[in-house]
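K.L.:
If you're matching them up, the sequences are chains H, F, S and Z in order. Okay, so the first sequence: first residue is 1 according to our numbering, each after it adds one. Okay, so the second sequence: first residue is 224 according to our numbering, each after it adds one. Okay, so the third sequence: first residue is 447 according to our numbering, each after it adds one. Okay, so the fourth sequence: first residue is 670 according to our numbering, each after it adds one. First, the structure itself, so that you have it in front of you.
Number of protein chains: 4
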Amino acid sequence: MKAAVVGTKTGKRVPRAVREQQMLDAAVAGFARHGYSAASMDDIAEAAGVSKPLVYQYLKSKEDLFTACIERESAALIAAVRAGTLSGGGAVPADRMLWNGLCAFFAHTAAHPDGWAVLHQQARSQGQPFADGVALLRAEIAELVTELIGVAARDAGCDGVLAEREVSGLAHALVGAAESLADWANTREQDPPSAKETAATLMNFCWAGLENLLGGDRWTPAH
Amino acid sequence: MKAAVVGTKTGKRVPRAVREQQMLDAAVAGFARHGYSAASMDDIAEAAGVSKPLVYQYLKSKEDLFTACIERESAALIAAVRAGTLSGGGAVPADRMLWNGLCAFFAHTAAHPDGWAVLHQQARSQGQPFADGVALLRAEIAELVTELIGVAARDAGCDGVLAEREVSGLAHALVGAAESLADWANTREQDPPSAKETAATLMNFCWAGLENLLGGDRWTPAH
Amino acid sequence: MKAAVVGTKTGKRVPRAVREQQMLDAAVAGFARHGYSAASMDDIAEAAGVSKPLVYQYLKSKEDLFTACIERESAALIAAVRAGTLSGGGAVPADRMLWNGLCAFFAHTAAHPDGWAVLHQQARSQGQPFADGVALLRAEIAELVTELIGVAARDAGCDGVLAEREVSGLAHALVGAAESLADWANTREQDPPSAKETAATLMNFCWAGLENLLGGDRWTPAH
Amino acid sequence: MKAAVVGTKTGKRVPRAVREQQMLDAAVAGFARHGYSAASMDDIAEAAGVSKPLVYQYLKSKEDLFTACIERESAALIAAVRAGTLSGGGAVPADRMLWNGLCAFFAHTAAHPDGWAVLHQQARSQGQPFADGVALLRAEIAELVTELIGVAARDAGCDGVLAEREVSGLAHALVGAAESLADWANTREQDPPSAKETAATLMNFCWAGLENLLGGDRWTPAH
DNA sequence: AATGAATGAGGTTTCATTCAT
DNA sequence: GATGAATGAAACCTCATTCAT
């Protein structure tokens, strides 16, 4: 190991692509910590080790900067989850695939808490232009889960027991539970649960119910 | 002629308690729609039909105003849910109590979307001072759910099988799933599911898992 | 004469109508001297003895402030000229009325050089929204002159010799000449001509031609 | 194939003299449309198809660039008018020379509206450094008119009747009338008058007065 | 009880300008 | 000859907050 120090704040004359990533890093951190409105472009620029005009030259406005953050973090999260579900190769049972995806999800949100905060807390509370951006992410994840339930149904030999509407509702419930647990895991300061532990909690929470439903076994209020 | 005009914009000389509620109404709406930072005291005062200094006279600052909003909406939500679980009188099985609470929860959040947005989206993204305020709400809901699980455990003859940490996680998963389903139900524009239908979906989603857990039956990754 | 000093910069708590006039005074001076873009709201506010936010509270933006300046100065100029042409009572020959109007015009532009600069130099060079405002002023003055030429024609017993199009052209030529002379008079720093002297120059310049035209006597290029 | 592509946006390596003209073209257009302050060096450079540093290398600053624009357009206008008055060879009567000059003036300002706008509207409203530049132009035009009046005076056998100050005033009146008529002619959308027709209107407007003045015949207010 | 008048501080954004290649 | 990278300064505008009535 010789000189390992490289430092975030490179001196000067950095190519555009690199500088943009530095800016996005700083912006994600700023937006996550203070919220969209309260984060100041001054602070973001300073945190990026750059002057403000350069931020405006590359990312045209605060809105565009925020949008770029959302897009980058969305893509990273989706890629991580997708890679998780695909790990293990070909014939994997549905519960195992879901477990893998959840582990990847919780691992990613734990490793990138700022990115997750931007997506889950900040972007959704800033009205139409940004909420729409996150809606795409949710839709993509919900679709992933829907596919998984389909696989599980085929494995159990009971395809088509569930209406599309019910599957959609279940997928949203699952995503919501996962999101909430991710927040919970991130904010547990002392003795934070590992990704696998959190994923296990969620599997325990939901998998039995899903299996029951596929088997036609329903809970009803009347008894 | 005793009490004449009542309208929203009362002319003048309104007693303090009433004025404060008007202000809180306007503030909740403003914070819900624009977020804490982006909502301006100017707009809130105007929406309340009052001059700005009066807002400062009654609620000391923007922070205090936000805090008051959080407290009012928290209390209302908790009261609604608690009333739901208690409906039906004495000896009610745990799943029935949970069902009742969920119905009350969905009904309240649907009837007060701004209040729910302030609690769930805005307050949690504004850092320490306000997140703490919501933590109390979460704690109370978690306690409610914990009690319910305790009841269920006693009913099933298996008390104390679950660690506090696991119960906390389950409570968060449940709330997250509930909120996500509320959104989903509200945004399904054509043929939106009723509150009871949504509650049934959530019960199906989670109750079997909870029962299994109380019975010591866990899902494990290793097959 | 006791204490004659009143001062422009009154201390504080001035009623809105008065403050607005102070702001407009400062704005007219600033815009006249530096141009619309180069004049800064900071400087205007300071010159008005007021903080910037108050300027924005009363006149909503720089654009609106500029528009208000144009409107105030336009109204003042039109009023002055109209009063001039009406002085002298009932039966006044047309050349005398024109002379009176020109004297009033030059007196006003000399007494309010900043207002005139805003109207003639600044407003016209700032594109559509403002140029339109001044166009109204010009149209009103041109109409005044057109009426005068009509009176002169009736006096000379030769009504209808001139086409509407030609009268319009002559009116615009006259207005342009007057505008140009006003600038010239204002910028002649040493020994500036009086309003009457300037008006005489313009009458000499144009009246003979107008009389000739009314008499059917035209200049033609072919000699 | 010798000279191939010529287009406006030449690729690279253009000789300095050509590049400078491209820059001045872009600058004149920008200044005319947005005014001196509002026109940005960014836009000018882009419109010229050149990077900003190159603009600064050739023309040292925004001020110098504007000055260069004024000088180029002044020279072009003066040259056009002078050429107009000289057309027709040796012995031409004064009114004919004025007529020729006016036709040339109208033709040039109509053909180069941006250049005229820079000279007449922008340069004059930007304070000392630039107003001086235009003063030279005015002086030259005034001299031209003065010469014409001198010629007319000699033709009429009455030299030296008019003071310098009066001649200066008359020249300004003439230019103002001309500019105003140009605007009027351009904005008459239906059936716009030709340049010659407009020039004739102006000659009718002013020539009789000038002749009268040379003959000692003045209009006086006292009737 | 209620408000018109007023401000310090800080926000986003843009500009003219230079440096190193 | 020509440019991508970078910035100090300053513009417009808004906000939370108070004072005097």
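Here a beta-carbon is modelled for each residue, glycine too, at the ideal position from N, C-alpha and C.
Tell me the rounded alpha-carbon separation between leucine 608(S) and alanine 792(Z).
P.N.:
Looking up residue 608(S) in the third sequence gives position 162. Looking up residue 792(Z) in the fourth sequence gives position 123. If you take the alpha carbons of leucine 608(S) and alanine 792(Z), they lie about 37 angstroms apart.
K.L.:
With burial defined as no fewer than 16 other Cβ atoms inside 10 Å of the residue's Cβ, what is the status of glutamine 244(F): buried or exposed?
P.N.:
One-based indexing of the second sequence puts residue 244(F) at position 21. So glutamine 244(F) counts as exposed.
K.L.:
Which stretch, first to last residue, makes up the alpha helix (DSSP H) that contains valine 750(Z)?
P.N.:
Mapped onto the fourth sequence, residue 750(Z) falls at position 81. Run containing valine 750(Z): 731-755, per the alpha helix (DSSP H) assignment.
K.L.:
Just reading off the alpha helix (DSSP H) that aspartate 824(Z) is part of, what are its end residues?
P.N.:
Residue numbering aside, residue 824(Z) sits at position 155 when the fourth sequence is read from its first letter. Per DSSP, aspartate 824(Z) belongs to the alpha helix (DSSP H) from 797-825.
K.L.:
Could you tell me whether the Cβ of serine 403(F) comes closer than 8 angstroms to any Cβ of chain H?
P.N.:
Here residue 403(F) is taken as the residue at index 180 of the second sequence, counted from 1. Closer than 8 angstroms: yes.
K.L.:
Would glutamate 612(S) pass as an interface residue toward chain Z - the criterion being a Cβ-Cβ separation below 8 angstroms?
P.N.:
Looking up residue 612(S) in the third sequence gives position 166. Yes, its Cβ sits closer than 8 angstroms to a Cβ of chain Z.
K.L.:
Any idea if aspartate 629(S) is buried or exposed, counting beta-carbon neighbours within 10 angstroms, 16 or more meaning buried?
P.N.:
Here residue 629(S) refers to the residue found at position 183 when the third sequence is read from its first residue. Burial call: buried.
K.L.:
What residues from chain Z crowd round glycine 622(S), counting only those whose CB sits closer than 7 angstroms?
P.N.:
As a working note, residue 622(S) is residue 176 in the third sequence. Neighbours of glycine 622(S) on chain Z, chain order: Gly845, Ala846, Glu848, Ser849, Leu850.
K.L.:
Suppose contacts are defined by Cβ-Cβ distances below 8 angstroms. Is alanine 271(F) in contact with methionine 246(F) by that definition?
P.N.:
Along the second sequence, read from residue 1 onward, the residue named residue 271(F) stands at position 48. Along the second sequence, read from residue 1 onward, the residue named residue 246(F) stands at position 23. Yes; because the gap between Cβ atoms is below 8 angstroms, this pair is in contact.
K.L.:
On the three-pair Cβ rule with 8 angstroms, is the stretch 605-619 of chain S touching the stretch 630-649 of chain S?
P.N.:
Flag = no, the stretch 605-619 of chain S and the stretch 630-649 of chain S do not touch.
K.L.:
Go ahead and label threonine 666(S) buried or exposed: buried means 16 or more other beta carbons lie within 10 angstroms of its beta carbon, across all protein chains shown.
P.N.:
The residue given as residue 666(S) occupies position 220 in the third sequence. Exposed.
K.L.:
Which chain H residues are close to threonine 424(F), counting only those with a beta carbon under 8 angstroms from its beta carbon?
P.N.:
What you label residue 424(F) is simply residue 201 of the second sequence in a count that begins at 1. The answer, in chain order, is Glu166, Gly169, Leu170, Ala173.
K.L.:
For tryptophan 99(H), would you say it is in contact with chain F, using Cβ-to-Cβ distances shorter than 8 angstroms as the test?
P.N.:
By one-based count along the first sequence, residue 99(H) stands at place 99. Taking Cβ atoms only, chain F reaches closer than 8 angstroms to tryptophan 99(H), which makes this a yes.
K.L.:
How close, in whole Å, do the beta carbons of valine 304(F) and phenylalanine 329(F) come, if the pair is a contact with beta carbons under 8 angstroms?
P.N.:
Position 81 of the second sequence, counting from 1, holds the residue named residue 304(F). Position 106 of the second sequence, counting from 1, holds the residue named residue 329(F). That belief does not hold up - the Cβ atoms of valine 304(F) and phenylalanine 329(F) are roughly 10 angstroms apart, past 8 angstroms.
K.L.:
With distance defined between alpha-carbon atoms, name the residue in Met543(S), Asn650(S), Gly535(S), Asn658(S) nearest to leucine 590(S).
P.N.:
Along the third sequence, read from residue 1 onward, the residue named residue 590(S) stands at position 144. For the residues Met543(S), Asn650(S), Gly535(S), Asn658(S), the minimum Cα distance to leucine 590(S) belongs to Met543(S).
K.L.:
Looking at valine 341(F): is its Cβ nearer than 8 angstroms to the Cβ of cysteine 381(F)?
P.N.:
Here residue 341(F) refers to the residue found at position 118 of the second sequence. Here residue 381(F) refers to the residue found at position 158 of the second sequence. No, they are not a contact pair.
K.L.:
Listed from N- to C-terminal order along the chain, which residues in the stretch 32-44 of chain H have their beta-carbon within a distance smaller than 8 angstroms of any beta-carbon of chain F?
P.N.:
For the stretch 32-44 of chain H, which is checked against every Cβ of chain F, the residues closer than 8 angstroms are Arg33, His34, Gly35, Tyr36, Ser37, Ala38.
K.L.:
With a cut-off of 8 angstroms on the beta carbons, I'd call isoleucine 747(Z) and leucine 817(Z) a contact; round off their distance for me.
P.N.:
By 1-based counting over the fourth sequence, the position of residue 747(Z) is 78. By 1-based counting over the fourth sequence, the position of residue 817(Z) is 148. That pair is no contact at about 14 angstroms.
K.L.:
In terms of residue numbering, what span does the alpha helix (DSSP H) encompassing glutamine 467(S) cover?
P.N.:
The residue you call residue 467(S) lines up with position 21 of the third sequence. Start and end: 462-480.
K.L.:
Please name the residue, chosen from Cys326(F), Gly313(F), Gly312(F), that lies closest to methionine 426(F) on a Cα-to-Cα basis.
P.N.:
In the second sequence, the residue the question calls residue 426(F) occupies position 203. Methionine 426(F) has its Cα closest to that of Cys326(F), out of Cys326(F), Gly313(F), Gly312(F).
K.L.:
So, helix, strand or coil for alanine 261(F), using DSSP?
P.N.:
Position 38 of the second sequence, counted from the first residue, corresponds to residue 261(F). The answer is coil: DSSP assigns alanine 261(F) none of H, G, I, E or B.
K.L.:
With 7 angstroms as the limit, tell me which residues of the stretch 772-795 of chain Z have their beta carbon closer than that to any beta carbon of chain S; keep them in chain order.
P.N.:
Against chain S - using a Cβ distance shorter than 7 angstroms - the residues of the stretch 772-795 of chain Z are Gln790, Gln791, Arg793, Ser794, Gln795.
K.L.:
Just tell me which of His343(F), Glu434(F), Val315(F) has its CA closest to the CA of serine 403(F).
P.N.:
The residue you call residue 403(F) lines up with position 180 of the second sequence. The shortest Cα separation from serine 403(F) among His343(F), Glu434(F), Val315(F) belongs to His343(F).
K.L.:
Quick one: is threonine 233(F) near chain H, going by C-beta distance under 8 angstroms?
P.N.:
Counted from its first residue, the second sequence places residue 233(F) at position 10. Any reading at threonine 233(F) must be qualified, since the residue scores a pLDDT of 45, below 50, and its modelled position is unreliable; no value is offered.
K.L.:
Name the chain H residues whose beta carbon is nearer than 7 angstroms to that of cysteine 429(F)?
P.N.:
Here residue 429(F) refers to the residue found at position 206 of the second sequence. Residues of chain H passing the Cβ test: Phe205, Cys206, Gly209.
K.L.:
Going along chain F, which residues have a C-beta under 7 angstroms from arginine 218(H)?
P.N.:
The residue given as residue 218(H) occupies position 218 in the first sequence. Going along chain F in sequence order, the residues near arginine 218(H) (Cβ under 7 angstroms) are Asn427.
K.L.:
Going by beta carbon distance, what residues of the same chain come within less than 6 angstroms of leucine 500(S), once the five residues before and after it are set aside?
P.N.:
Counting from one through the third sequence, the residue named residue 500(S) turns up at place 54. So the list is empty, once near-sequence residues are dropped.
K.L.:
What three-state label does DSSP hand histidine 335(F) in the structure shown?
P.N.:
Here residue 335(F) refers to the residue found at position 112 of the second sequence. Three-state DSSP puts histidine 335(F) in coil, outside helix and strand.
K.L.:
Is glycine 35(H) near serine 348(F), with beta carbons less than 8 angstroms apart?
P.N.:
The count along the first sequence starts at 1 and reaches residue 35(H) at position 35. The count along the second sequence starts at 1 and reaches residue 348(F) at position 125. Yes, these two residues count as a Cβ contact at 8 angstroms.
K.L.:
Only counting the same chain, and skipping five residues up and downstream in sequence, which positions put a Cβ closer than 8 angstroms to that of glutamine 133(H)?
P.N.:
Taking the first residue of the first sequence as 1, we reach residue 133(H) at position 133. A small fix is needed here, since residue 133(H) is glycine in this sequence, not glutamine. The answer, listed in chain order, is Thr67, Ile70, Glu71, Ser74, Ala123.
K.L.:
Assign arginine 765(Z) to one of three DSSP states: helix, strand, or coil.
P.N.:
By one-based count along the fourth sequence, residue 765(Z) stands at place 96. Correct three-state label for arginine 765(Z): helix.
K.L.:
Distance, Cα to Cα, alanine 698(Z) vs proline 782(Z)?
P.N.:
Counted from its first residue, the fourth sequence places residue 698(Z) at position 29. Counted from its first residue, the fourth sequence places residue 782(Z) at position 113. Their backbone Cα atoms lie some 9 angstroms apart in a straight line.
K.L.:
Counting only C-beta atoms, is asparagine 855(Z) closer than 8 angstroms to chain S at any point?
P.N.:
As a working note, residue 855(Z) is residue 186 in the fourth sequence. By this cut-off, asparagine 855(Z) is not an interface position.
K.L.:
Cβ closer than 8 angstroms: which chain S residues qualify as neighbours of leucine 883(Z)?
P.N.:
Residue numbering aside, residue 883(Z) sits at position 214 when the fourth sequence is read from its first letter. What leucine 883(Z) touches in chain S: nothing, since even the nearest Cβ is about 11 angstroms away.
K.L.:
In or out: alanine 695(Z) buried (at least 16 other Cβ within 10 Å) or exposed?
P.N.:
Along the fourth sequence, read from residue 1 onward, the residue named residue 695(Z) stands at position 26. Alanine 695(Z) is buried by the Cβ-count criterion.
K.L.:
Cα separation between alanine 686(Z) and tyrosine 727(Z)?
P.N.:
Taking the first residue of the fourth sequence as position 1, residue 686(Z) is located at position 17. Taking the first residue of the fourth sequence as position 1, residue 727(Z) is located at position 58. Taking the straight line from one Cα to the other gives about 10 angstroms.
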